[in-house]
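Peer 1: All the letters of the sequence shown, read from the start, carry residue numbers 1370 to 1475 under this note's numbering. Okay, here's the structure, questions in a sec.
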Amino acid sequence: MSLRFIIGRAGSGKSHTCLEEIRRELRRRQEGPPVILLVPEQATFQYEYMLVSTPGLQGIMRAQVLSFRRLAWRVLQEVGGAARTTSGNWASAWYCAAFWNKGSLN
1370 MSLRFIIGRA GSGKSHTCLE EIRRELRRRQ EGPPVILLVP EQATFQYEYM LVSTPGLQGI
1430 MRAQVLSFRR LAWRVLQEVG GAARTTSGNW ASAWYCAAFW NKGSLN
């Protein structure tokens, strides 16, 4: 697995470069490890649409367009962290109240 950062100014062709390389990889090999394109939350549909509407591309099953939030969810799902539940503020307040009430009874 490799990670590649493509950085540059606005309008320098970063998005075009990413999409073209993903298209080239999908044409070369339809099966294999996933190819992940990490984009801002509001841009996921736009990039998926650009990949799907590519003429001559047989499929995009390997390509995964993920936002940072979705990537974090997928990582937690893989390592088992998605099963953990977190307590909200009300739970913390309840635990504190229960502790203080129990302490005052003694």
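Cβ atoms here follow ideal geometry from the backbone N, Cα and C, with glycine treated the same way.
Compare the beta carbon distance of Arg1373 and Thr1423 with 7 Å and say whether it is the shorter of the two.
Peer 2: The sequence position of residue 1373 within the sequence shown is 4, counting from 1. The sequence position of residue 1423 within the sequence shown is 54, counting from 1. No.
Peer 1: If you run the structure through DSSP and keep just helix, strand and coil, what is Ile1375?
Peer 2: For the purposes of this step, residue 1375 is taken as residue 6 along the sequence shown, with counting starting at 1. Coil, per DSSP.
Peer 1: Buried or exposed: Val1434, going by 16 or more other Cβ atoms within 10 Å of its Cβ?
Peer 2: On the sequence shown, position 65 is the one that residue 1434 refers to. Under this definition Val1434 is a buried residue.
Peer 1: Does the Cβ-Cβ distance between Ala1432 and Leu1420 come in under 7 Å?
Peer 2: Residue mapping note: residue 1432 aligns to position 63 of the sequence shown, counting from 1. Residue mapping note: residue 1420 aligns to position 51 of the sequence shown, counting from 1. Yes.
Peer 1: Can you tell me which of the three DSSP states Val1408 falls into?
Peer 2: Taking the sequence shown and counting its residues from 1, one reaches residue 1408 at position 39. Three-state DSSP puts Val1408 in coil, outside helix and strand.
Peer 1: Cβ of Ser1436 within 7 Å of Cβ of Glu1410?
Peer 2: Taking the first residue of the sequence shown as 1, we reach residue 1436 at position 67. Taking the first residue of the sequence shown as 1, we reach residue 1410 at position 41. The answer is yes: Cβ separation under 7 Å.
Peer 1: Can you tell me whether DSSP reads Gln1415 as helix, strand or coil?
Peer 2: Position 46 of the sequence shown, counted from the start, is the residue given in the question as residue 1415. Assigned with DSSP and collapsed to three states, Gln1415 falls in helix.
Peer 1: Whole angstroms are fine: how far does the CA of Ile1429 sit from the CA of Ile1376?
Peer 2: The residue labelled residue 1376 in the question sits at position 7 within the sequence shown. The residue labelled residue 1429 in the question sits at position 60 within the sequence shown. Looking at the two C-alpha atoms, the distance is approximately 24 Å.
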